[in-house]
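One structure below.
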Amino acid sequence: MMIDFRNSDVIDNPYPYLEELRGANKPLWHPDLEVFLAPTHRDANEVLRNKSLGRIYTEKVPDSEWQVFNWLHSDSILDSEPPKHTRLRGLVLKAFNRNRIEGLRPSIQSITDSLLNRISEGEKFDLIADFAEPLPVKVIALLLGFPPEDEHLLRPWSQAIVKMYEINPPREHQIAAQNAAQEFADYVHSLMQARKIHPQDDLITELASVHEAGERLSTHELIATCVLLLNAGHEASVNGFGNGMVSLFNHPAQRDSLFGDPEKYTETAIEEFLRFDSPLQYFERTATSDVEISGVMIKKGQKIVSLLGSANRDSSVFTDADTFDVTRHPNPHIGFGAGIHFCIGAPLARIEMSVSLPALLKRFPRLDLAETPLRRPTFSLRGYERVLVAP
Ligand code: HEM
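Following my numbering, the numbering of the sequence shown begins with 344 at its first residue and continues without gaps.
Encoded structure:
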């Protein structure tokens with residue numbers, strides 16, 4: 344029986360099912376989803392890098408009333424291919440340069456400290472809602488120049504939109520996503536216009552000035568880029584941190600190593616968080632011409648899925664692949680993707696975690712689960728709804 348990504352046992356622990364898929368050592372056809380699955384590290388990596396496999400946005404809901412949702416994707420970096428992708432990515436990378444990202448470190452530290460200070464002494468708290476979620480939301484809002492008083496709008500919009508990335512979203516999710524896309528786009532549009540009149544030292548102003556200067560960034564592209572950055576800038580970070588912390592609590596010896604010397608192991612632990620229980624699991628590509636992957640022919644127009652979390656458990660690449668090891672090195676996981684769409688935010692995500700992880704562990708040296716964590720019922724975006732912990 345082919346894997347059912349909506350089955351609760353699969354969502355609960357997909358890894359034994361994914362291991363079975365890897366046994367074939369080649370892409371497999373999923374008859375219900377009508378896509379090929381690439382579960383091995385070699386193939387999942389190749390799918391992301393092969394120039395004949397594109398990330399082409401095909402309208403999920405072609406109706407004209409769904410226009411905004413559709414262009415918000417087709418005009419974004421993530422869902423476009425060269426030459427448009429090269430132009431958009433170049434513009435964002437310039438604004439997203441290493442100095443700017445590294446310069447955020449003191450702000451990330453103070454955001455971390457203020458979140459930790461808000462947690463009442465001796466009381467249980469939700470690691471997701473009280474720490475893992477607000478941290479990257481505040482950082483990306485700061486970087487883009489999204490007003491702090493409106494930060495609370497970001498997460499609900501983003502959550503509604505990403506539900507469309509799951510496999511066969513139900514009608515009510517589609518409607519919520521469309522409404523969120525419209526509101527989000529309108530909001531960013533008015534913010535961008537305000538920044539043109541009163542420029543500030545932020546990314547929205549910078550991107551808006553590129554737009555103003557000429558034809559290199561259309562209004563839709565500008566809005567779509569900001570929305571993508573705001574969404575991508577926190578969704579995976581929240582879940583990467585949450586998944587990693589739960590893995591840590593479930594492996595007491597690893598937990599003791601990391602808590603014993605947070606600074607020493609932080610760098611390798613972050614990569615292991617993203618490998619062992621990857622926050623993003625499922626990325627589709629479409630063949631733009633016939634292409635062969637490990638001897639399997641993917642015909643023009645057919646789809647193939649890079650299964651990142653499965654690739655990251657491939658025992659032909661990782662020794663003791665099912666063992667969670669915060670000292671693992673090297674760690675060639677593909678949790679941030681590969682090829683031309685490789686995550687732009689990887690340096691930012693790494694800095695965020697390298698600041699927040701040791702700060703959390705030092706502040707709460709005996710931190711542990713207070714109850715069984717509650718998983719989100721989704722496969723593609725893998726994370727927890729709630730992780731109640733006791734200090
Ligand atoms: C732990 C955190 C993160 C993980 C695991 C992650 C993972 C990924 C992955 C797997 C892709 C590739 C998607 C594909 O090939 O189809 C990607 C792309 C992207 N990510 Fe991240 N990401 C994270 C954090 C961030 C942050 C903090 C930002 C922004 C500030 C960000 C912005 C982007 C953008 C803009 C793209 C699209 C790049 C392109 O299409 O050229 N990500 N990310």
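Beta carbons: idealized from backbone N, C-alpha and C, even for Gly.
Which residues DSSP lists as bridging residue i, in chain order
| i | result |
| --- | --- |
| T629 | G397, K646 |
| R718 | Y727 |
| M640 | E635 |
| V669 | V669 pairs with nothing; no bridge assigned. |
| F379 | W372, I647 |
Exposed unless 16 or more other CB atoms sit within 10 angstroms - verdict on residue i
| i | result |
| --- | --- |
| N574 | buried |
| D469 | buried |
| T662 | exposed |
| R559 | exposed |
| P490 | exposed |
| A524 | buried |
| F685 | exposed |
| Q624 | buried |
| D355 | exposed |
| D665 | exposed |
| L436 | exposed |
| G488 | buried |
| P426 | exposed |
| P359 | exposed |
| P622 | buried |
| S649 | buried |
| G688 | buried |
| I547 | buried |
| Q543 | exposed |
| M696 | buried |
| E615 | buried |
| G680 | buried |
| Q452 | exposed |
| R598 | buried |
Integer Cβ distance of residue i from residue j, believed to fall under 8 Å
| i | j | result |
| --- | --- | --- |
| L724 | V505 | 6 Å |
| E728 | L717 | 5 Å |
| L364 | S653 | 7 Å |
| V730 | V589 | 6 Å |
| I636 | A381 | 7 Å |
| V482 | R498 | Contact doesn't hold; Cβ gap of about 13 Å is too wide. |
| K642 | F379 | Going by Cβ atoms, the distance from K642 to F379 rounds to 10 Å, so no, they are not a contact pair. |
| I694 | L447 | 7 Å |
| T721 | E509 | 5 Å |
| A520 | M535 | Incorrect: roughly 22 Å between the Cβ atoms, too far for contact. |
| R628 | R398 | 6 Å |
| L651 | A387 | 6 Å |
| L434 | I454 | Wrong, their Cβ atoms sit about 27 Å apart, outside the cutoff. |
| A438 | E549 | 5 Å |
Helix, strand or coil at residue i [DSSP, three-state]
| i | result |
| --- | --- |
| D355 | helix |
| V634 | strand |
| V660 | coil |
| A551 | helix |
| D469 | strand |
| D711 | strand |
| L623 | strand |
| A733 | strand |
| C569 | helix |
| N674 | coil |
| P490 | coil |
| H541 | coil |
| D599 | helix |
| E464 | coil |
| E577 | Before going on, a small fix: residue 577 reads as His here, not Glu. If DSSP states are grouped into helix, strand and coil, H577 belongs with coil. |
| L560 | coil |
| F592 | helix |
| D386 | helix |
| A702 | helix |
| L421 | coil |
| N413 | helix |
| N442 | helix |
| I346 | coil |
| N582 | helix |
| I454 | helix |
| I687 | coil |
| I518 | helix |
| E526 | helix |
| F295 | Residue 295 is absent from the model: the chain starts at 344 and stops at 734. |
| I504 | helix |
| A367 | coil |
| P605 | helix |
| E509 | coil |
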